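To keep things clear, I will list the structure first and then write my remarks on it.
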Amino acid sequence: MYDIGMTVFNGLAWAMATFLVAAGLTLIFGILHILNFAHGGFFMIGAYVSYSIMMAFGGSLPLWLYLVGAMASGIVVGLLGWAVDKLVFRRLRDVEDAYSLIATYALLLVCGGAVQLTWGLNYMGVMPPAALNTVVFVGDMFMPTFTIFIILSGIVAYIGLEFFISKTRTGRLIRVVAADPWMAQLLGLNVKKIYLITVIFSFAMAGAAGGLLMPNQSLSPELGGIFLLQAFGVVILGGMGSIRGAFYAALLLGLIESFGTYFFPQYPGIFFLLALAVILLLKPEGIMGKGQTA
Amino acid sequence: MAYKINRRAVVKGMGATGLAMPFLNAATASAQSGPITLGVVTPLSGPAQLIGNFVRHGAEIGADYINANGGVDGREIQLEFRDSKVNPNDASVAARELIGAGANLQLGTISSAVALAMGPLLESEGGVVITSGAGTDKLNHENYNPHVFRVGDSPVSRNAGLVRHIANSRPDIRKWAGIIPDHEYGRTTWKIFEATMRKVIPELTGEEAEIAEPVLVPYGSGDYRNYISQAMRLDVEGIYTSVYGGDAVTLYQQSQPFGLFEKTDVLLDSANEFLVATAMREQTPAHWSGFHWYYEANKGNPLSDDLYSSYVERTGDQYPMGWAAEAHAAIMAYAKAIEKTGNTDTMDVIAALKGLSFDSATGMRHIREEDNQAVKNAELAFIEPSSSEDSGFAVTDYVSLDGETVVEPARPGKTLDLSTL
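Protein chains in written order, with our numbering: chain P, 1 to 294; chain L, 1001 to 1421.
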């Protein structure tokens, strides 16, 4: 029972950490149809900004300041998103996908270089705030509170995004533009502005995810690539552009990865890829199908 | 169509050769009298630049030391750097280009994949390389190539050194597990650890060592919780790991709330030196780490003292790591070999390096003639968190083991024989 419980718990942790990164990625694809390779780079910048805030306060933060730090990272990276939209994404809207891939990959390299120049090459690490650095015992299961926090953060992020997209006016406008930007333009909507809002929001989510996941994670210019593959897997399996799909896909892949590692420990890390390949062979459009933005 | 060589063509060719000979001779003479150019092919960009920077500083400090002491037979050492990008293709292009530019003597390889690719290339192009931290055992075994030298630790000497020291100091710890990266180097380190531990513990205690199946972890993961849970299920007293760099920092961080390292008595870290401690500071779990070079263990050795003080002066970093000493040792080895042979011709330098004894930051090293592997001291340090240190950690113990006691027998061209450890 202990083993199964821990395996589910670890699978949920994997899933929600990945969803936090993947949410912005799938949103930007759903609206702008840009596969943003640089997303991992901006996630990394968010983590480093949060690290700097933490260090400025002595390296050990109370919970509220850690959360404020993550939000501040979201704001900083959101502002970078504004700049990226003005300088790069706007030019990619009417060109072939290959140009988007090249441009966003170049942006990822720029992010790596910027991190290297600003924070250096050394590995860095911080522990979670004291309030989240404890363990909860349920029977003989021990669950680190920081991991519980990450699982809850993923769930809250999902519910918040669902609410934002389906219940708020801005969210509805985003869905309209995602469905048919040409018609939205004819109806007098400021499509450019909605694109800009989407990019800023997606980038802010990447930055906040970096800030939230930064404790318990080594910081280095490699960080950008570490979650990117998982996040892309979740976005593809969920159905390109679907937040709900990404959430379900993250849960599915997280549990498969976790149980795979439990039953076949001699093959670590391959079950995520294996499951992705098999499910896409059976359902190539992903769980929610293409074009189901939010 | 057959190509016809007539008498006129032969005479023309002889004439051209005759005209060119004085210049060829002058070029050769110049190569044997002017500055000596050594090529350094090491990562100068990307994530591995962190390690490449140690190599660069170590090589420059070594060259400065030689030049300040009169050079090699009066000839100054110059370094020509190229970026390997930790990629065999890029490194091969760089190595070939350097040979074309006259730098046939090279160093700086830190990657096993690059080091293995260098052998055939340098053999065909007429160059030689001294690696600066490449850890694969294949280098001096099944993929042995006379054009590749390792003047640093073999993976056996470092890991067997760790095991022998711990087994001697804590023979009461007989139950071991490993957290091992699932790649060739990780599995090799585990094989060495397991074979040595299974041999040493019965010798010391008369009882068998109990060694669990290793927990294999993927490379470059952001989440090690499943693997930590696996390790938590094991009833062990000591943990050995060869997880490396950023992966090790993440693994150690994520292990803390589970109490994995509090549950066990000893944590043995194959090779992270100060990489984990400088990242985790006061959160660093107490552990023994293998080192290419630990400066405190070599205090009083002029080469070590110069390397340490020069490094700190250049960088402001108080914690140089062993790759600097490996590149430094490569410079020392080349200097001694060129001095011995009197020139920089590849085959002469190879002959001079084989069997060479030379001084280094870790004391005297001897390059075995049979497999180009150096015999050098294996150095280990015990790192603990410390609230009284600015760095947040302190080295509270260290040892330097005689290389002859930990290095494996030479078996060039043959696989590593674990029964010989």
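We put the beta carbon where it would ideally sit given N, CA and C, even for glycine. Note that the structure is a prediction, hence the values are computed from the model and not measured.
The C-alpha of P:L87 is placed about 44 Å away from the C-alpha of L:S1242. Residue burial is scored here from C-beta neighbours: L:V1086 has at least 16 other C-beta atoms within 10 angstroms and is therefore classed as buried. For P:I4, no chain L residue has a Cβ inside 8 Å of its Cβ, as the nearest lies near 11 Å away. P:S52: not part of any beta strand (DSSP E); member of the alpha helix (DSSP H) spanning H39 to A56, first to last residue. Nearest to L:E1123 by alpha-carbon distance, out of L:G1135, L:K1138 and L:Y1144, is L:Y1144. L:P1302 is not bridged by DSSP to any residue. No Cβ of chain P is located within less than 8 Å of the beta carbon of L:A1351.
With a cutoff of 8 Å on beta-carbon distance, L:N1226 and P:Y267 are scored as not near each other.
Note on P:A83: under 16 other CB atoms within 10 angstroms of its CB, so exposed under the neighbour-count rule.
The CB of P:Y51 never comes closer than 9 Å to any CB in chain L; the least such distance is about 11 Å. Neighbours of P:N216 in chain L, taken as residues at a C-beta separation under 7 Å, are given in chain order as Q1253 and Q1254. Think of a sphere of 9 Å around the beta carbon of L:Q1230: the chain P residues whose beta carbon falls inside it are T261, Y262 and P265, in chain order. If you draw a 10 Å sphere on the C-beta of P:N190, you find fewer than 16 other C-beta atoms in it, and that means exposed.
Taking L:Q1230 as reference, the option from L:M1347, L:G1222, L:Y1240 and L:L1216 with the minimal CA-CA separation is L:L1216. Interface annotation, P:N190: not in contact with chain L, CB-CB separation never under 8 Å.
Put simply, the backbone Cα of L:G1058 is about 7 Å away from that of L:L1307. For P:Q116, the CB contacts under 6 Å within the same chain, skipping 5 residues up- and downstream, are P221 in chain order. When the beta-carbon positions are compared, L:G1290 and P:S218 stay at least 8 Å from each other. Flagged as an interface residue toward chain P: L:T1278, by a C-beta distance shorter than 8 Å. As DSSP reads the structure, L:V1040 sits in a beta bridge with L:F1081 and L:L1107. L:K1199 has no beta-bridge partner at all, per DSSP. Closest option to L:F1054, judged by alpha-carbon separation, among L:Y1311, L:S1387 and L:H1366: L:Y1311. By the C-beta criterion, the segment 1165-1175 of chain L is judged to be in contact with the segment 1202-1220 of chain L, since at least 3 inter-stretch pairs fall below 8 Å. In the three-state reduction of the DSSP assignment, L:V1129 falls in the strand class. Counting along the chain, the unbroken beta strand (DSSP E) around L:A1378 starts and ends at A1378 to P1385. L:P1043 and P:T170 have their C-alpha atoms roughly 48 Å apart. When L:R1368, L:G1102, L:A1068 and L:E1326 are compared, the shortest CA-CA separation from L:D1345 is found for L:G1102. For L:H1165, the uninterrupted alpha helix (DSSP H) run begins and ends at P1155 to S1169, by DSSP. Using a Cβ distance threshold of 8 Å, P:I200 and P:G81 count as a contacting pair. Beta-bridge partners assigned by DSSP to L:H1287: L:I1383. As a beta-bridge residue in DSSP terms, L:H1366 pairs with L:S1357 and L:V1375. By the Cβ criterion, the segment 96-115 of chain P is in contact with the segment 29-45 of chain P, since at least three pairs of Cβ atoms, one from each stretch, lie closer than 8 Å.
When only Cα atoms are considered, L:R1281 and L:T1396 end up about 15 Å apart. Closest option to L:V1266, judged by alpha-carbon separation, among L:L1105, L:V1093 and L:V1163: L:V1163. When secondary structure is reduced to three states using DSSP, L:D1397 falls in the strand class. Annotation: the continuous alpha helix (DSSP H) that includes L:A1325 extends over G1322 to T1341.
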